[in-house]
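Below you'll find the structure, written out as structure tokens, and then a few comments.
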Amino acid sequence: MSGEILINLTPMETRVAVVEGGVLQEAWIERRRRRGIVNNVYLGRVARVLPGMQAAFVDIGHDRTAFLHVHELTPSGQGEPERPIGELLREGQPLTVQVLKDPIGSKGARLTAQLSIPSRYLVFMPGASHIGVSQRIEDSGERERLRQLVTASAESCGYHGGGFIVRTAAEGADETALAADMAFVLRLYQHIDNERRSAQPPRLLYEDLSLATRTLRDVMRDDIERVRIDSRDSFEEVHAFARQLMPGVASRLEHYTGERPIFDLFSVEDELARALQRRVDLKSGGYLIIDQTEAMSTIDVNTGTFVGHRNLEETIFRTNLEAAGAIARQLRLRNIGGIIIVDFIDMLDSEHQRQVLRALEKALERDHARNRLTGVTELGLVQMTRKRTRESLEQILCETCPTCQGRGRLRSSETLCYDIFRDIVRSGRTASARNCLVMASAAVIDRLRDQESAPLAELEGYIGGTIRLQVEPHYAQEQYDIVLM
């Protein structure tokens with residue numbers, strides 16, 4: 006399926022949209038005041054060692070210290086027993102680290118001491134010694150060809166101090182392109198190492214590329230027909246990057262000068278607005294309900310108005326099949342990561358279950374983020390994980406509701422009326438005043454005057470005084486005050 010990338014830049018933020026078949030599939034937003042730090046390399050200082058957690062907090066010069074687990078200190082898979090972190094780190098020790106995950110919510114950044122420096126075709130790992138090839142390159146002959154070319158390039162440049170991972174984008178690349186990519190990434194690492202030798206912690210040693218440029222590096226594929234950029238300066242920056250490292254891509258870059266805002270193309274703005282809603286309608290009449298929490302995200306599939314043409318089982322099967330594709334797209338579009346639970350509509354036919362699960366796996370193959378399905382549980386739920394490195398679309402664009410404080414629910418006007426009654430009784434027992442003024446939202450006051458008028462009259466008799474009611478138009482539904490008079 007052919008596609009294109011739209012890049013919109015303003016002084017405040019950069020936005021990238023990946024469109025396939027005329028439909029928005031992925032979106033990234035980076036704001037100048039809150040730019041992500043994933044892949045950045047720092048010379049940090051160990052702030053605190055936590056032996057009980059086998060972890061440490063590292064000061065990298067940000068407001069919150071970052072988290073480093075002992076697993077990220079030494080290369081894995083060497084057959085050596087894991088040493089206690091207290092033997093490896095001490096407070097105040099300088100340490101070169103790289104950011105794996107942005108700070109999300111109340112959590113600080115997640116770090117690794119095993120650096121990996123990405124380029125277009127290769128990832129250089131100074132602390133490793135092997136050459137690996139992306140699992141997404143399935144052809145065994147091509148995998149072996151790439152491994153041999155990278156080995157030969159490493160030998161020819163005389164560098165034997167690290168390992169490489171061949172990225173998916175390298176499939177079909179020739180020897181010259183791979184050698185140029187290797188030379189670039191080795192020069193970059195040498196620059197980082199030189200900076201480290203003369204720096205005092207905490208210090209930023211390397212900042213990853215801008216969103217527009219790393220989109221070209223990480224997302225560009227053969228089936229992307231063109232990249233349209235609506236900023237002349239950014240276009241020239243990206244074009245210079247492409248000429249140096251991706252010459253075959255430079256011809257597909259375009260400076261967009263159309264009268265319509267670039268994100269009005271393919272209705273990208275409307276799609277972004279819909280991506281913030283809980284409900285996602287399916288073409289058949291079914292729908293999804295997507296809820297994101299700190300611990301996990303849940304997706305519920307419903308038939309809605311879809312009644313099918315044959316029988317109930319067939320209707321459920323068709324709805325679940327359509328939902329599988331929609332779920333994969335929503336995960337990419339909303340950038341939902343972590344633990345994800347999908348509640349498909351219950352299917353009695355085991356073959357239908359298998360086909361729906363396979364459809365979901367197939368749809369997830371286009372996802373650039375690593376994901377893993379664990380099958381169907383005894384309760385009929387599909388469990389999966391998706392690698393989370395940056396904030397989701399909702400976390401970037403939204404904030405916690407000040408009225409409900411993120412609960413997504415408000416106490417009903419009926420509940421609030423009864424709370425008010427109890428507070429009046431409580432106040433009457435501790436104060437000499439008998440008359441009082443209740444100030445609340447219109448919904449609560451209207452209920453007190455209507456459905457709760459009889460209990461209100463009884464309460465006035467009980468306290469031996471008068472209860473006045475006053476609407477406060479600026480009060481939220483859960484807000485009220487009682488003034489004794």
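Numbering (our numbering), first residue to last: 6 to 490. Where is the CB? At the ideal position from N, CA and C, for every residue including glycine.
- When DSSP states are grouped into helix, strand and coil, residue 392 belongs to the coil group.
- Here residue 441 carries a strand assignment [DSSP, helix/strand/coil].
- Beyond the five residues adjoining it in sequence on each side, residue 163 comes within less than 8 Å, by CB distance, of no other residue in the same chain.
- For residue 394, the CB contacts under 6 Å within the same chain, skipping 5 residues up- and downstream, are 43 and 106 in chain order.
- Setting aside the 5 residues that flank it on each side, residue 480 is surrounded in the same chain by 444, 445 and 446, each with a C-beta closer than 8 Å to its C-beta; the list follows chain order.
- Straight-line measurement puts the Cα of residue 468 at about 14 Å from the Cα of residue 487.
- Between the beta-carbon of residue 22 and that of residue 273 there is about 5 Å, and that keeps the pair under the 8 Å contact cut.
- Shown here, residue 288 sits in coil according to DSSP, grouped into three states, outside any helix or strand.
- By the beta-carbon neighbour count (other beta carbons within 10 angstroms, threshold 16), residue 396 is buried.
- Excluding five sequence positions before and after residue 124, the CB atoms of its chain that fall closer than 6 Å to its own CB belong to 186, 189 and 190, given in chain order.
- DSSP places residue 123 in the strand class (E or B) of the three-state scheme.
- In this model, residue 14 and residue 280 are separated by some 20 Å (Cα to Cα).
- In chain order, 17 and 18 place their CB closer than 7 Å to the CB of residue 36, counting only its own chain and leaving out the 5 sequence neighbours on each side.
- Per DSSP, residue 376 is one residue of the beta strand (DSSP E) stretching across 376-381.
- Minimum Cα-Cα distance from residue 477 among the listed residues 144, 54, 32 and 442 corresponds to 442.
- When DSSP reads this structure, residue 47 sits in a beta bridge with 102 and 209.
- Per the coordinates, the alpha-carbon of residue 254 lies some 10 Å from the alpha-carbon of residue 243.
- Distance from the CA atom of residue 453 to the CA atom of residue 214, rounded to whole angstroms, is 60 Å.
- Beyond the five residues adjoining it in sequence on each side, residue 438 comes within less than 7 Å, by CB distance, of 489 and 490 in the same chain, given in chain order.
- If you compare the alpha carbons of 247, 241 and 207 with that of residue 225, the shortest gap goes to 247.
- DSSP links residue 142 through a beta bridge to no other residue.
- Per DSSP, reduced to three states, the secondary structure at residue 340 is coil, with no helix or strand assignment.
- In the three-state reduction of the DSSP assignment, residue 307 falls in the strand class, which pools E and B.
- For residue 22, DSSP records a beta bridge to 11 and 32.
- Residue 449 is not a Cβ neighbour of residue 415, given a cutoff of 9 Å.
- With a minimum length of 3 residues, the unbroken runs of beta strand (DSSP E) contained wholly in the region 221-252 fall at 229-234.
- Residue pairing for residue 293: DSSP places it in a beta bridge opposite 285 and 306.
- Residue 368 and residue 309 have their C-alpha atoms some 23 Å from each other.
- Note that the C-beta distance between residue 114 and residue 60 is not below 9 Å.
- Here residue 209 has 47 as same chain residues with Cβ atoms under 6 Å from its own Cβ, once five neighbours each way along the sequence are excluded.
- With respect to residue 96, residue 155 sits apart: the two C-beta atoms are not nearer than 9 Å.
- Counting along the chain, no alpha helix (DSSP H) covers residue 109, and no H or E run does either.
- Here residue 358 is buried: its Cβ has 16 or more other Cβ atoms, across all protein chains shown, within 10 Å.
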